[in-house]
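Residue numbers (this note's numbering), protein chains in the order written: chain A, 523 to 716; chain B, 523 to 716.
Below you'll find the structure, written out as structure tokens, and then a few comments.
There are 2 protein chains.
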Amino acid sequence: MVRNREFDPQAALGQVVQLFTERGYRRTSMEDIVQATGVSRYGLYGTFGNKRELFAQALERYADDMGRQAFLRLLEPDAGLADIRRIFEERVLDACEGHGPRGCLLCQTAIEVAPHDDGLQEVLLRFLKRMAKTFAVGLENAQARGETRAGLDPKAGGDYLTGALFGLIMMQRAGFPRASLNAFVDGTMAAVAA
Amino acid sequence: MVRNREFDPQAALGQVVQLFTERGYRRTSMEDIVQATGVSRYGLYGTFGNKRELFAQALERYADDMGRQAFLRLLEPDAGLADIRRIFEERVLDACEGHGPRGCLLCQTAIEVAPHDDGLQEVLLRFLKRMAKTFAVGLENAQARGETRAGLDPKAGGDYLTGALFGLIMMQRAGFPRASLNAFVDGTMAAVAA
DNA sequence: CAGGAAGCAGAACGCTCGTTCTGCTTCGGG
DNA sequence: CCCGAAGCAGAACGAGCGTTCTGCTTCCTG
């Protein structure tokens, strides 16, 4: 060990996440990644392995960030439906304020990669199951305060909200106007609210 | 005009739809299409144009079939929530009975193609708007018979159901078990039912 | 029945991709 | 202070892609 690395792997991985999220797996070339991160091929292959492994690490990173930023508050006992709604609304705002729809790496993976890569399919499903469980905990908290509709099973509701979030993201990517996205969020909340 | 074509363009396009639906745009090569359809490159380029135009025609065909097969009955006056539910349930059965998840060309387009191709984005959005409108008509019919939840706006509900259908398909592609898919369908119907 | 326009199969072309290799630069340890 | 392990930039390679071209076959038309 003599010469030191000139780049920060975590920062580079963050930019890789963004690239894959916007363009998907096949449309993002290693050359694109070299350009965007400023890291040499040598550095990329030495630090992250090949393209597939790099994608896997980006996926892991994306899911971790998502869990930390958006979903953490659902685990607190005073969380409620408002916090669930906020996750959906932030997603809407995120795309409308920002420079066009930013996409979602989990969706990209589900559609483009997972059906052709059993390993990544397993990883993806693990993240989604965790997301569904977190939603379920949020619903339990909401239920304890009587916010949810009668007869709602929190576990089933967690699966439902997970799918609904992806439906929203899909509408975004397809180019639906903001009014339609808001209608979707309202409909989703109507499915679980009292 | 002397020598006759040896293939049926409509039959070939049907197989192309299947290929793009399963593998997506980038993962499907013209060589794959030649192999699957048995049509020569000459025939493909002469009849359909290049790959992008072929995809556009496959998308058109897919949306037409979808509209004809699943959505037509929603337009009849005696249609109701049961018919809407059946669209979702058929989608669930389709993937579970069949040979693995078949995917959805509209989802593939929304995720993989539309964000990078304004023309196809417009085509896609046109189909989805039509789908939302058809759902809305179905909801109006259901509303007239008092099946829908109080205060439901059929137009907003149509947008909601469109996004929900894509959420379901995404869950399918991600590998969610059938129980989760059923939970999603139940949740979706709970959002619109009385 | 013969000419030729149109369809066919497959070779070929130019390009881009993921990955590896090469020669140079850096800088801690003896 | 200099040796060499490790990082760097970019050339290079083999494979696969979308597309076009070539030589042959078919069969309607006059």
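All C-beta atoms, glycine included, are put in the ideal place defined by N, C-alpha and C.
Here the structure is a predicted model, which means the values were calculated and not measured.
Item, Value
"Among Glu544/B, Phe688/B, Asn704/B, nearest to Gly679/A - alpha-carbon criterion", "Asn704/B"
"Partner residues on chain A for Gln579/B, Cβ-Cβ distance less than 7 Å", "Residues of chain A passing the Cβ test: none, with the nearest at roughly 19 Å."
"Outcome for Tyr584/B when other beta-carbon atoms lying within 10 angstroms are tallied against a minimum of 16", "buried"
"Whole-angstrom distance between Thr656/A and Leu597/A, CA atom to CA atom", "7 Å"
"Option nearest Leu627/B by Cα separation, candidates Val539/B, Val714/B, Leu535/B", "Val539/B"
"Option nearest Gln532/B by Cα separation, candidates Gly568/B, Glu544/B, Ala580/B", "Ala580/B"
"In chain order, each alpha helix (DSSP H) run of at least 4 residues that lies wholly inside the stretch 654-714 of chain B", "676-696, 700-714"
"Identity of the residue in Gly685/A, Gly689/A, Thr684/A nearest Gly685/B by Cα", "Gly689/A"
"Interface partners of Ser702/B on chain A, CB under 7 Å", "Asp681"
"8 Å Cβ cutoff met for Val614/A and Arg700/A", "yes"
"Cβ contact (3+ pairs, closer than 8 Å) linking the stretch 691-699 of chain A and the stretch 660-680 of chain A", "no"
"Chain-ordered residues of the stretch 536-557 of chain A with a beta carbon less than 9 Å from chain B", "Glu544, Arg545, Gly546, Tyr547, Arg548, Arg549"
"Spatially closest choice to Asn572/A from Asp586/A, Asp587/A, Ile555/A, by CA coordinates", "Ile555/A"
"Through-space distance from Ile633/A to Cys629/B, alpha-carbon basis", "8 Å"
"Straight-line Cα distance separating Asp639/B from Ile606/A", "33 Å"
"Nearest to Leu566/A (by Cα), restricted to the options Ala658/A, Leu535/A, Arg595/A", "Leu535/A"
"Boundaries of the alpha helix (DSSP H) in which Asp639/A is found, first to last residue", "Careful: Asp639/A lies outside any alpha helix (DSSP H) and carries neither H nor E."
"Arg545/B to Asp600/A span [Cα, whole Å]", "44 Å"
"Beta-carbon separation (whole angstroms), Leu661/B vs Val714/B, contact threshold 8 Å", "7 Å"
"Burial state of Asn663/B (16 or more Cβ within 10 Å)", "buried"
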